[in-house]
Each structure stands twice: as C-alpha cells, then as structure tokens.
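Read the structure below first, then the notes.
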Amino acid sequence: MTTPPPQGNPFAQGQNPYAQGQPQAPYPPQGGQPQQPGFPQQGAPYAPVPPEQPRRKLSFKTIKNVVIVIAVLTAVIGGYIASRDDADQAAVGDCLKTASSSSDRMEVVDCTSSEAEVKVLKKIDGNFSELTAETECRKVEKATGFYAETGDGAEFLLCLGDI
Numbered sequence: 117m118t119t120p121p122p123q124g125n126p127f128a129q130g131q132n133p134y135a136q137g138q139p140q141a142p143y144p145p146q147g148g149q150p151q152q153p154g155f156p157q158q159g160a161p162y163a164p165v166p167p168e169q170p171r172r173k174l175s176f177k178t179i180k181n182v183v184i185v186i187a188v189l190t191a192v193i194g195g196y197i198a199s200r201d202d203a204d205q206a207a208v209g210d211c212l213k214t215a216s217s218s219s220d221r222m223e224v225v226d227c228t229s230s231e232a233e234v235k236v237l238k239k240i241d242g243n244f245s246e247l248t249a250e251t252e253c254r255k256v257e258k259a260t261g262f263y264a265e266t267g268d269g270a271e272f273l274l275c276l277g278d279i
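With our numbering applied, the sequence shown corresponds to residues 117 to 279, in that order.
Right, here's the structure in full:
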C-alpha cells in the first residue's frame, strides 16, 4: 500500500486549506490612514459632490415689470409736480396767469412776476355755471372777473381782481 504525500496539518492554526489567498478590503486606504468601517475615505472617488447652486438670472418678465413700475412712478411724480401750480391749488391772495395762449386754464404765479395777470379775491367750492359764477363774484368787492372749474376733479369758483 502506498501513503499519500505529506500535506501538512490541515487543522493547524492559521492555515485554511480552502483559502485562495489573503482577503482584501474593497478599497485600499489612501494617504496611509486606516479605513474605518461604515465611513468613506475622504477624497474617495465615490464621495458625493454637492450640487452647484444655480445662478439666479433676471428674466425678461422681471425687467419689464421693473421698467413699468419706474414709468408709472415717473408719470405720477411728474404729474404732481406739474399740477402744483394749477388753479385748483390757488388760495386767496395768489396771483394767476393764463396757462398758454390757446388754453383757458390758469396757473399760479408769483405776484411780483411780470406774468401775473389777476389776483384771487375769493375761492368758493362747488359747481357753477357762467351765469351763477358771475352773479356770485359780483358780490365780491373789487372783483373784475372769475374763473370756474367744473367736471373731473375739484369744482370751484375763483373771483378775480386786478393786481
């Protein structure tokens, strides 16, 4: 009978007859630092990269809305400034001039100005026809004319006299 060749002790400590070599970690440690289980290595190729925040761009709609708001504000402010010298802002003692040669509108001017034509002697709120305005202003001493504004906005009568 023949004996099998010596293979060593298969039950000896540290030897495994079925092992195929040394077990390896899924990724080798980098930079000489040991890898901790459950935590990825810093700089590992599979580490998630945070997404870049998208840059906020001004849309055409936003720009258009800003331009509209600026245009409306400009019109309102310009209208306010232009109306500060209208006849509806006149008070007793103010002087007026005709707004333009083709207009029957009056504007407030400085009484020392060469443009001043008439002086406000009395201001009465309400709606007046030509006849009622003339009748009302005849009651005012030194009145030589009148200016009545009716329609949209404030309705009033100005009794006017010479400067």
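Cβ coordinates follow ideal geometry from the N, Cα and C atoms, glycine included.
Residue closest to residue i, alpha-carbon to alpha-carbon, out of the options
{"i": "residue 209", "options": "194, 254, 226, 216", "result": "226"}
{"i": "residue 253", "options": "277, 270, 266, 234", "result": "277"}
{"i": "residue 262", "options": "270, 167, 165, 221", "result": "221"}
{"i": "residue 245", "options": "170, 266, 202", "result": "266"}
{"i": "residue 229", "options": "279, 168, 166, 256", "result": "279"}
Per-residue burial, residue i [other beta carbons within 10 Å of its own, 16 or more giving buried]
{"i": "residue 258", "result": "exposed"}
{"i": "residue 235", "result": "buried"}
{"i": "residue 264", "result": "buried"}
{"i": "residue 174", "result": "exposed"}
{"i": "residue 189", "result": "exposed"}
Residue span of the alpha helix (DSSP H) that contains residue i, given as start and end
{"i": "residue 248", "result": "246 to 254"}
Spatial distance of residue i from residue j (CA atoms)
{"i": "residue 268", "j": "residue 204", "result": "12 Å"}
{"i": "residue 194", "j": "residue 164", "result": "58 Å"}
{"i": "residue 214", "j": "residue 275", "result": "15 Å"}
{"i": "residue 181", "j": "residue 172", "result": "17 Å"}
{"i": "residue 239", "j": "residue 216", "result": "22 Å"}
{"i": "residue 237", "j": "residue 224", "result": "13 Å"}
{"i": "residue 248", "j": "residue 260", "result": "15 Å"}
{"i": "residue 170", "j": "residue 206", "result": "58 Å"}
{"i": "residue 250", "j": "residue 242", "result": "14 Å"}
{"i": "residue 232", "j": "residue 202", "result": "14 Å"}
{"i": "residue 211", "j": "residue 273", "result": "15 Å"}
{"i": "residue 255", "j": "residue 270", "result": "23 Å"}
{"i": "residue 167", "j": "residue 191", "result": "46 Å"}
For residue i, the first and last residue of its enclosing beta strand (DSSP E)
{"i": "residue 240", "result": "234 to 241"}
{"i": "residue 174", "result": "No beta strand (DSSP E) contains residue 174, which DSSP labels as neither H nor E."}
{"i": "residue 265", "result": "261 to 265"}
{"i": "residue 211", "result": "211 to 214"}
{"i": "residue 225", "result": "222 to 225"}
{"i": "residue 277", "result": "272 to 277"}
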